[in-house]
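> Chains A and B are the protein sequences, given in the same order. Residue numbering for the first sequence follows our numbering, starting at 7 and increasing by one per position. Residue numbering for the second sequence follows our numbering, starting at 7 and increasing by one per position. Backbone N, C-alpha and C define an ideal beta-carbon position, used for all residues, glycine too. There's a structure below that I have some questions on.
There are 2 protein chains.
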Amino acid sequence: MAGKTHNGPKGAAGEQSGEDVSWQAQKSAMTRDRILDAAIHCFVVLGYTNVTTAKVASSAGVSRGAMLHHFPSKTELIQAAVEYLHDKLLEDYTEKVANIPATLTGADRRRAGIDAYWDHLTGDLFTVYNELCVASRTDPELRSILENSQQLFEEHIRETNGELFTEWRDRGDRFTLAMDVTKCMMEGMAGAQLMINREARVKRLLHYLTDRMEEIFEEGESSAIGRHSND
Amino acid sequence: MAGKTHNGPKGAAGEQSGEDVSWQAQKSAMTRDRILDAAIHCFVVLGYTNVTTAKVASSAGVSRGAMLHHFPSKTELIQAAVEYLHDKLLEDYTEKVANIPATLTGADRRRAGIDAYWDHLTGDLFTVYNELCVASRTDPELRSILENSQQLFEEHIRETNGELFTEWRDRGDRFTLAMDVTKCMMEGMAGAQLMINREARVKRLLHYLTDRMEEIFEEGESSAIGRHSND
DNA sequence: AGTGTTAAAAACAAGCCGGACTGATTAAAT
DNA sequence: ATTTAATCAGTCCGGCTTGTTTTTAACACT
Chain A
7 MAGKTHNGPK GAAGEQSGED VSWQAQKSAM TRDRILDAAI HCFVVLGYTN
57 VTTAKVASSA GVSRGAMLHH FPSKTELIQA AVEYLHDKLL EDYTEKVANI
107 PATLTGADRR RAGIDAYWDH LTGDLFTVYN ELCVASRTDP ELRSILENSQ
157 QLFEEHIRET NGELFTEWRD RGDRFTLAMD VTKCMMEGMA GAQLMINREA
207 RVKRLLHYLT DRMEEIFEEG ESSAIGRHSN D
Chain B
7 MAGKTHNGPK GAAGEQSGED VSWQAQKSAM TRDRILDAAI HCFVVLGYTN
57 VTTAKVASSA GVSRGAMLHH FPSKTELIQA AVEYLHDKLL EDYTEKVANI
107 PATLTGADRR RAGIDAYWDH LTGDLFTVYN ELCVASRTDP ELRSILENSQ
157 QLFEEHIRET NGELFTEWRD RGDRFTLAMD VTKCMMEGMA GAQLMINREA
207 RVKRLLHYLT DRMEEIFEEG ESSAIGRHSN D
């Protein structure tokens, strides 16, 4: 599994007992991860605001006391869970992108990238992440937790996309525009309440977006640049 | 009429000489509206999940007992507040659109429509509405309250846009596409966390979107329809 | 084994929210 | 003037959530 930017050193404060990772430390780390997985599961099922420490504990199959041992307060639990979620988000996206067959090239590859992103956006992980962003508007604590990961996430996506579409990476402004258009439109689609005929409309929008991506870079190669320059 | 299911706009309890409307009824209606305004204000300031009946009451300047007289339970208060918010949303959008000067025509008018929509989306009312939508994922009660207004809202927007851009109204599919693209992209922009250089990127995206709208209908007039047809 | 350390479980205390109830005050309606 | 409706202030209870404390169980080391 990926991530590991934070969780590893739980029993790092090893006693004089030596170098080998004690059995208890391993066990402890495992229950820690179980708790974090349970926390995210609760986010998905209950929604951020309805998550209580008791529910996380029971969902993880541990007692509240055990959980309090690992996370002395709810704040610390949430913080750890958000970081964990962040790791899983990055992992999910990079994995989906990495699974695009190398045989695809050109327009097919770009289309596959959009589909992969769409899969990512419609998954539970992103749904929860989005909920956290919304909730953070009036939750300063959560806000400060998220601010770090948001920038990291944006940079990571840009980087990944740069690797995925090497032919576009050095297009500068135009690359940013393409990514912003994709991001906004697809996140908008993911969040929009399209009440009637949703399937067809989404399909058509994805198709439309794919065409626009091609257009942006085709235009770049030809001449008609002026219209959406940055004034 | 779509909105106005329960009260009139702001001065609903107009003090004109109503024989049939008793003084007390008017006064009662006024405090009722004060409470609903306070509820929405609390939504804006505190966020949906942090709203308590006590805070709404104190924010409205009435006692809890008085509020319970109007809204016997929190559920009924929320329900009324959501309907009230829905009315205000429609009012806000139609007003912003109506304020577009009649002297504007063609592309200028379309651009003004996009700007008006953007103003609408970045206002407090929509922010709160969006929060409610997100919260409704795991709040069945709220969900059922919202479902009604969502469809009404979508229809109303379509209708309003049809009046605003009469030249497009009978374009059928293409009109739907244009509206979906605009809706998704702009709502995505409103919700997206663009951490760096936000202003410039938003400006550019609005510009880009405007161009795409023109393009959609220009193409319709010429020939190259095939690419984003509904296959 | 026996002792000490640590994870885990269970019991406890405190706070907040929503709702019910009461009694008093004000003002309109008759 | 009497009646009725609206408003207000205060109290109390039940439920839920959090965090602390106490108790039990598991393991490690000599």
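Under 6 Å Cβ to Cβ from S228/B, same chain only, skipping five residues before and after it: list those, please.
For the purposes of this step, residue 228/B is taken as residue 222 along the second sequence, with counting starting at 1. At S228/B, the pLDDT of 46 sits below 50, so the modelled position is not reliable; the number obtained from the coordinates is stated separately. The answer is none, since no qualifying residue turns up.
> Look up S79/B in the DSSP assignment and say whether it is helix, strand or coil.
Here residue 79/B refers to the residue found at position 73 of the second sequence. The answer is coil: DSSP assigns S79/B none of H, G, I, E or B.
> Excluding the 5 residues flanking G20/A on each side, which residues of the same chain have their C-beta closer than 6 Å to its C-beta?
Position 14 of the first sequence, counting from 1, holds the residue named residue 20/A. With a pLDDT of 34 at G20/A, under the threshold of 50, the predicted position of this residue should be treated as unreliable, though the coordinate-derived value follows. Closer than 6 Å at Cβ, skipping near neighbours: no residue.
> Could you check how far apart the C-beta atoms of F181/B and H92/B are, in whole angstroms? I think they sit under 8 Å.
Position 175 of the second sequence, counting from 1, holds the residue named residue 181/B. Position 86 of the second sequence, counting from 1, holds the residue named residue 92/B. With 8 Å as the limit, F181/B and H92/B do not qualify as a contact, their Cβ atoms being about 24 Å apart.
> Alpha carbon to alpha carbon, what distance is there between G197/A and Y99/A?
Counting from 1 along the first sequence, the entry for residue 99/A is found at position 93. Counting from 1 along the first sequence, the entry for residue 197/A is found at position 191. The straight-line gap from Cα to Cα measures roughly 18 Å.
> Give the interface partners of D43/A over in chain B, defined as CB-CB distance under 8 Å, in chain order.
For the purposes of this step, residue 43/A is identified with residue 37 of the first sequence, where counting begins at 1. Ordered by position in chain B, no residue passes the 8 Å Cβ test against D43/A, which lies about 19 Å from the chain.
> For A104/A, tell me which candidate among L200/A, L183/A, A118/A and M191/A has the shortest Cα-Cα distance.
What you label residue 104/A is simply residue 98 of the first sequence in a count that begins at 1. Among L200/A, L183/A, A118/A and M191/A, the Cα nearest to that of A104/A is on A118/A.
> Any beta carbon from chain B within less than 7 Å of G194/A's own beta carbon?
Your numbering for residue 194/A matches position 188 in the first sequence. Yes - at least one Cβ of chain B is within 7 Å of the one on G194/A.
> Quick one: give me the first and last residue of the alpha helix (DSSP H) that D5/A is part of.
Only positions 7 to 237 of chain A appear in this structure, which leaves residue 5/A out of reach.
> Is it the case that the segment 68-88 of chain B contacts the segment 147-165 of chain B, given that we only count it when at least three CB pairs across the two stretches are under 8 Å?
Output reads yes: the segment 68-88 of chain B touches the segment 147-165 of chain B.
> Does the segment 137-145 of chain B come into contact with the segment 180-194 of chain B, if we say contact requires no fewer than three beta-carbon pairs (one atom in each stretch) closer than 8 Å?
The segment 137-145 of chain B, when compared against the segment 180-194 of chain B, does not touch it at the 8 Å Cβ threshold.
> Check whether the Cβ atoms of K102/A and D125/A lie closer than 7 Å to each other.
Locating residue 102/A in the first sequence gives position 96, counting from the first residue. Locating residue 125/A in the first sequence gives position 119, counting from the first residue. Taking 7 Å as the Cβ cut-off, K102/A and D125/A qualify as a contacting pair.
> Run through chain A and tell me which residues come within less than 8 Å of Y123/B, C-beta to C-beta.
Residue 123/B sits at position 117 when you count from the first residue of the second sequence. Chain A residues near Y123/B: none, gap ~12 Å exceeds 8 Å.
> Three-state secondary structure (DSSP) at V103/B?
As a position in the second sequence, residue 103/B is number 97, starting the count at 1. Looking at V103/B - three-state DSSP - the assignment turns out to be helix.
> Tell me the rounded alpha-carbon separation between D217/B and I46/B.
As a working note, residue 217/B is residue 211 in the second sequence. As a working note, residue 46/B is residue 40 in the second sequence. For D217/B and I46/B, the distance between alpha carbons rounds to 36 Å.
> Would you mind sorting G14/B into buried or exposed? The rule is 16 or more other CB atoms within 10 Å of its CB.
For the purposes of this step, residue 14/B is identified with residue 8 of the second sequence, where counting begins at 1. Confidence in G14/B is poor, its pLDDT being 33 and thus under 50, which makes the residue's placement too unreliable to answer from.
> Counting contacts by CB-CB distance shorter than 7 Å, is D186/A in contact with chain B?
As a working note, residue 186/A is residue 180 in the first sequence. With 7 Å as the cut-off, D186/A counts as an interface residue toward chain B.
> What separation, rounded to the nearest whole angstrom, lies between the Cα atoms of T109/A and R115/A?
Taking the first residue of the first sequence as 1, we reach residue 109/A at position 103. Taking the first residue of the first sequence as 1, we reach residue 115/A at position 109. Distance between the alpha carbons of T109/A and R115/A is about 9 Å.
> Would you tell me roughly how many angstroms separate the C-alpha atoms of D121/B and D43/A, rounded to the nearest one?
Within the second sequence, the letter at position 115 stands for residue 121/B. Within the first sequence, the letter at position 37 stands for residue 43/A. Between D121/B and D43/A, the C-alpha separation is close to 43 Å.
> Within the 7 Å Cβ cut-off, does A8/B reach chain A?
Start at 1 with the first residue of the second sequence, and residue 8/B comes out as number 2. Confidence at A8/B is low in this model, with a pLDDT of 33, below 50, so its placement is unreliable and the value that follows should be read with caution. A8/B does not count as touching chain A.
> Can you pull the chain B neighbours of E137/A, defined as C-beta to C-beta under 9 Å?
Along the first sequence, one-based indexing puts residue 137/A at 131. Result: V140, A141, R143 and T144.
> Would you say T55/B reaches chain A, if we count a Cβ-Cβ gap shorter than 7 Å as a contact?
To locate residue 55/B, count along the second sequence from 1; it is residue 49. Yes, its Cβ sits closer than 7 Å to a Cβ of chain A.
> Cα separation between A113/A and K209/B?
Against the first sequence, residue 113/A aligns to sequence position 107. Against the second sequence, residue 209/B aligns to sequence position 203. The straight-line gap from Cα to Cα measures roughly 28 Å.
> So for I84/A, helix, strand or coil by DSSP?
For the purposes of this step, residue 84/A is taken as the residue at position 78 of the first sequence. Helix, per DSSP.
> How far does the alpha helix (DSSP H) with R164/B in it extend, from its first residue to its last?
By one-based count along the second sequence, residue 164/B stands at place 158. Element bounds for R164/B: P146 to L170.
> Below 6 Å CB to CB, which residues in the same chain sit around A63/B once its five sequence neighbours on both sides are set aside?
Walking along the second sequence from the start, residue 63/B turns up at place 57. R70 and M73, listed in sequence order.
> For S64/B, does the three-state DSSP call read helix, strand or coil?
For the purposes of this step, residue 64/B is identified with residue 58 of the second sequence, where counting begins at 1. Of the three classes helix, strand and coil, the one that applies to S64/B here is helix, per DSSP.
> Considering Cα atoms alone, identify which of F132/B, Q32/B, I202/B and M201/B is closest to K94/B.
Taking the first residue of the second sequence as position 1, residue 94/B is located at position 88. Here the closest residue by C-alpha is F132/B.
> Apart from the five residues just before and just after T128/A, which ones in its own chain have a Cβ nearer than 7 Å to its Cβ?
Here the question's residue 128/A lines up with position 122 in the first sequence. Taken in chain order, the residues that qualify are A196.
> How many angstroms separate the CA atom of T59/A from the CA atom of Y135/B?
What you label residue 59/A is simply residue 53 of the first sequence in a count that begins at 1. What you label residue 135/B is simply residue 129 of the second sequence in a count that begins at 1. Cα to Cα, the separation comes out at about 28 Å.
> Assign N203/A to one of three DSSP states: helix, strand, or coil.
Taking the first sequence and counting its residues from 1, one reaches residue 203/A at position 197. In the structure shown, N203/A sits in coil (DSSP, three-state: anything other than H, G, I, E or B).
> When the cut-off is 7 Å and only beta carbons count, does M219/A lie next to chain B?
Against the first sequence, residue 219/A aligns to sequence position 213. With 7 Å as the cut-off, M219/A does not count as an interface residue toward chain B.
> Is the Cβ-Cβ distance between Q156/A and Q199/B less than 7 Å?
For the purposes of this step, residue 156/A is taken as residue 150 along the first sequence, with counting starting at 1. For the purposes of this step, residue 199/B is taken as residue 193 along the second sequence, with counting starting at 1. A contact, by the Cβ cut-off of 7 Å.
> Is S142/B helix, strand or coil by DSSP?
Counting from 1 along the second sequence, the entry for residue 142/B is found at position 136. Helix.
> With DSSP as the reference, label S34/B as helix, strand or coil.
By 1-based counting over the second sequence, the position of residue 34/B is 28. Here S34/B sits in helix by DSSP.
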